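Novice: One structure, as structure tokens, below. Some questions next.
Residue numbers (my numbering): 434 to 873.
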């Protein structure tokens, strides 16, 4: 608009449908948060972490349950044209969440466990990854999207099978008072290696899937390596000075918080431009932050409540809205595929961890407990699956099957852990036992 003349290329404020969209978005948020809190409380009463209830609530709000029971109400509340708003909010939440995952990466626990943590963790990645690639050869013809190369499909499926949900695992350990036990600290160390390894593997997979030519892939991978080196050296040095100032004051001021958010978003934007994914940049920004405990706590206190109470439930709901369990037909072929996916996921992660733990000198029972913990997939799996669906490397039907697997493996963790931990010396707090790890 210029000189009182309206420019037709830009809609005026009177013609833009701000209020209907805003009212609808607010209604969506209220419904999502109510469902998440109610389902979370129910799951906690059943002995499950609250995050499992939030995952289930997200699926329940989708077309598979809410959309099937009350299709008109569901279509009115969640019309396709409005989901872009939810997607934007959920993506911002995921970026901040992955920053916190990187921030809470326990490098000291990892260093103290050394070779044992590395051996067990890499085995827990290699076994499900290899099985995932093998099963991809069988699923490719029936469940891969049109035009997708087998290499990208197989590598993504292997990576998706390999992930462990570090935050959910940590929450289970805390709720079961296993954090200070020898097995608990080993599980945290193994999950830390898993987190770093899984995101590095995923970075390679996404770059292959997004790159049409080998040269563009090399540029993507080479640029990412350079960026990681810069962040681990110059970036870590600059942030170290910043962290010391925050640690000395014991709190983080608004200006300092804004600076951290800028670093996170810039890092996320750089990796998105490089062709990897914004979430990898956010994770890397958190990983290079100072390891000072006071600094980490000051940041975590500012972010965690907003993420847990508001932004993450929106991500679960958005995942549920794009999960169509009805695509998994009740015929022998698709039910067999779903069963094989679940079997491969559990056998690879649980079996790979338990066997490696036994070979390092742990008892079979202790190894099985560790395998059960590492089999937790939860939110991290949903993040990776959404990336796969966004870049078109997996189909909506396979997405629905993998979401079912993510929830199933997470649900089975707590009851198995409770049963195996009962009376096991390695699952007791350090002050209650002088035992290290059970041998023989």
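All C-beta atoms, glycine included, are put in the ideal place defined by N, C-alpha and C.
Values in this document were obtained by computation on a predicted structure and should not be read as measured data.
By how many angstroms is the C-alpha of residue 838 removed from the C-alpha of residue 433?
Specialist: Missing from the structure shown is residue 433; the chain here goes from 434 to 873 and no further.
Novice: Checking 8 angstroms against the spacing of the C-beta atoms, do residue 876 and residue 486 come in under that value?
Specialist: Nothing about residue 876 can be read from this structure; the chain reaches only from 434 to 873.
Novice: Measure the C-alpha to C-alpha separation of residue 632 and residue 618 and round it to an integer number of angstroms.
Specialist: Counting from 1 along the chain shown, the entry for residue 632 is found at position 199. Counting from 1 along the chain shown, the entry for residue 618 is found at position 185. Going by the C-alpha atoms only, they are around 21 angstroms apart.
Novice: Between the Cα of residue 744 and the Cα atoms of 477, 504 and 521, which residue gives the shortest distance?
Specialist: Here residue 744 is taken as the residue at index 311 of the chain shown, counted from 1. Closest by alpha carbon: 521.
Novice: Let me confirm a value: residue 607 is counted as buried when at least 16 other C-beta atoms fall within 10 Å, else exposed. Which label applies?
Specialist: On the chain shown, position 174 is the one that residue 607 refers to. Exposed: under 16 other Cβ atoms inside 10 Å.
Novice: Just to confirm the assignment, what range does the alpha helix (DSSP H) spanning residue 819 have?
Specialist: Locating residue 819 in the chain shown gives position 386, where the first residue counts as 1. Unbroken alpha helix (DSSP H) run through residue 819: 811-823.
Novice: Assuming residue 484 contacts residue 601 under a Cβ cut-off of 8 angstroms, what Cβ separation, rounded to an integer in Å, is found between them?
Specialist: On the chain shown, residue 484 is found 51 positions in, with the first residue counted as 1. On the chain shown, residue 601 is found 168 positions in, with the first residue counted as 1. Indeed, because the Cβ distance is near 6 angstroms, the residues count as touching under 8 angstroms.
Novice: Going by C-alpha to C-alpha distance, which of 491, 478, 456 and 808 sits closest to residue 752?
Specialist: Counted from its first residue, the chain shown places residue 752 at position 319. Checked all of 491, 478, 456 and 808; the closest Cα to residue 752 is 491.
Novice: So, are the CB atoms of residue 534 and residue 599 less than 8 angstroms apart?
Specialist: Taking the chain shown and counting its residues from 1, the one referred to as residue 534 is at position 101. Taking the chain shown and counting its residues from 1, the one referred to as residue 599 is at position 166. Result yes, Cβ atoms of residue 534 and residue 599 sit closer than 8 angstroms.
Novice: Report yes if the CB atom of residue 731 is closer than 8 angstroms to the CB atom of residue 679, and no otherwise.
Specialist: Sequence index remark: in the chain shown, residue 731 carries index 298 (1-based). Sequence index remark: in the chain shown, residue 679 carries index 246 (1-based). Result yes, Cβ atoms of residue 731 and residue 679 sit closer than 8 angstroms.
Novice: Any chance the region 769-783 sits against the region 704-715, with 3 or more Cβ pairs inside 8 angstroms?
Specialist: no
Novice: Let me make sure I understand the geometry here. Which of 842, 707, 664 and 588 has the alpha-carbon closest to that of residue 776?
Specialist: What you label residue 776 is simply residue 343 of the chain shown in a count that begins at 1. Answer by Cα proximity: 842.
Novice: Take residue 457 as the anchor and find which of 833, 517, 573 and 692 has the nearest alpha-carbon.
Specialist: Taking the first residue of the chain shown as position 1, residue 457 is located at position 24. That would be 517, whose Cα lies nearest to the Cα of residue 457.
Novice: Please report how far the alpha carbon of residue 806 lies from the alpha carbon of residue 585, in whole angstroms.
Specialist: Position 373 of the chain shown, counting from 1, holds the residue named residue 806. Position 152 of the chain shown, counting from 1, holds the residue named residue 585. Computed Cα separation, rounded: 28 angstroms.
Novice: In whole angstroms, what separates the C-alpha of residue 850 from that of residue 719?
Specialist: Residue 850 sits at position 417 when you count from the first residue of the chain shown. Residue 719 sits at position 286 when you count from the first residue of the chain shown. Going by the C-alpha atoms only, they are around 29 angstroms apart.
Novice: Whole angstroms is fine: what's the gap from residue 574's alpha carbon to residue 509's?
Specialist: Translated into the one-based positions of the chain shown, residue 574 becomes position 141. Translated into the one-based positions of the chain shown, residue 509 becomes position 76. Cα to Cα, the separation comes out at about 36 angstroms.
Novice: Just how far apart, CA to CA, sit residue 671 and residue 703?
Specialist: In the chain shown, the residue the question calls residue 671 occupies position 238. In the chain shown, the residue the question calls residue 703 occupies position 270. One C-alpha to the other measures close to 18 angstroms.
Novice: With 16 as the cutoff for other CB atoms within 10 Å, does residue 416 come out buried or exposed?
Specialist: No answer is possible for residue 416: the residues shown for the chain start at 434 and end at 873.
Novice: Classify residue 723: buried if its beta carbon has 16 or more other beta carbons within 10 angstroms, exposed otherwise.
Specialist: Numbered from 1 along the chain shown, position 290 holds the residue referred to as residue 723. Residue 723 comes out buried.
Novice: When the Cα of residue 519 is compared with those of 459, 560 and 548, which residue comes out closest?
Specialist: Stepping through the chain shown from its first residue, residue 519 is reached at position 86. Comparing Cα-Cα distances from residue 519 to each of 459, 560 and 548, the minimum goes to 459.
Novice: When we look at the beta-carbon of residue 729 and count the other beta-carbons within 10 Å, is it buried (16 or more) or exposed?
Specialist: In the chain shown, residue 729 corresponds to position 296, counting from 1. So residue 729 ends up on the buried side.
Novice: Taking the runs of the alpha helix (DSSP H) that are 4 residues or longer, which of them lie wholly in the region 606-637?
Specialist: Runs of the alpha helix (DSSP H) inside the region 606-637: none found.
Novice: Where do the ends of the alpha helix (DSSP H) carrying residue 738 lie?
Specialist: In the chain shown, residue 738 corresponds to position 305, counting from 1. Element bounds for residue 738: 726-739.
Novice: Using the rule of at least 16 other Cβ atoms within 10 Å of the residue's Cβ for burial, across every protein chain shown, is residue 648 buried or exposed?
Specialist: Here residue 648 refers to the residue found at position 215 of the chain shown. Any reading at residue 648 must be qualified, since the residue scores a pLDDT of 45, below 50, and its modelled position is unreliable; the value itself is stated next. Exposed is the call here.
Novice: Have a look at residue 467 and residue 626 and give me their C-alpha separation to the nearest angstrom.
Specialist: Your numbering for residue 467 matches position 34 in the chain shown. Your numbering for residue 626 matches position 193 in the chain shown. When rounded, the distance between both Cα atoms is 35 angstroms.
Novice: At the level of alpha carbons, what is the spacing between residue 721 and residue 707?
Specialist: For the purposes of this step, residue 721 is taken as the residue at position 288 of the chain shown. For the purposes of this step, residue 707 is taken as the residue at position 274 of the chain shown. Each residue's Cα considered, the two are about 19 angstroms apart.
Novice: Between the alpha carbons of residue 478 and residue 816, how many angstroms are there, rounded?
Specialist: As a first step, residue 478 must be located in the chain shown, where it is residue number 45. As a first step, residue 816 must be located in the chain shown, where it is residue number 383. One C-alpha to the other measures close to 26 angstroms.
Novice: Please determine, among 559, 660, 675 and 757, the residue with the shortest C-alpha to C-alpha distance to residue 493.
Specialist: Here residue 493 refers to the residue found at position 60 when the chain shown is read from its first residue. Comparing Cα positions, the closest option is 757.
Novice: Specify the secondary structure class of residue 795 as computed by DSSP and reduced to three states.
Specialist: Your numbering for residue 795 matches position 362 in the chain shown. Residue 795: coil per DSSP, three-state reduction.
Novice: Mind checking which residues open and close the alpha helix (DSSP H) that includes residue 524?
Specialist: Within the chain shown, numbered from 1, the residue matching residue 524 stands at position 91. If you look at residue 524, you'll find it in the alpha helix (DSSP H) that goes 516-536.
Novice: Would you kindly work out how many angstroms separate the C-alpha atoms of residue 582 and residue 591, rounded to a whole number?
Specialist: Mapped onto the chain shown, residue 582 falls at position 149. Mapped onto the chain shown, residue 591 falls at position 158. Going by the C-alpha atoms only, they are around 15 angstroms apart.
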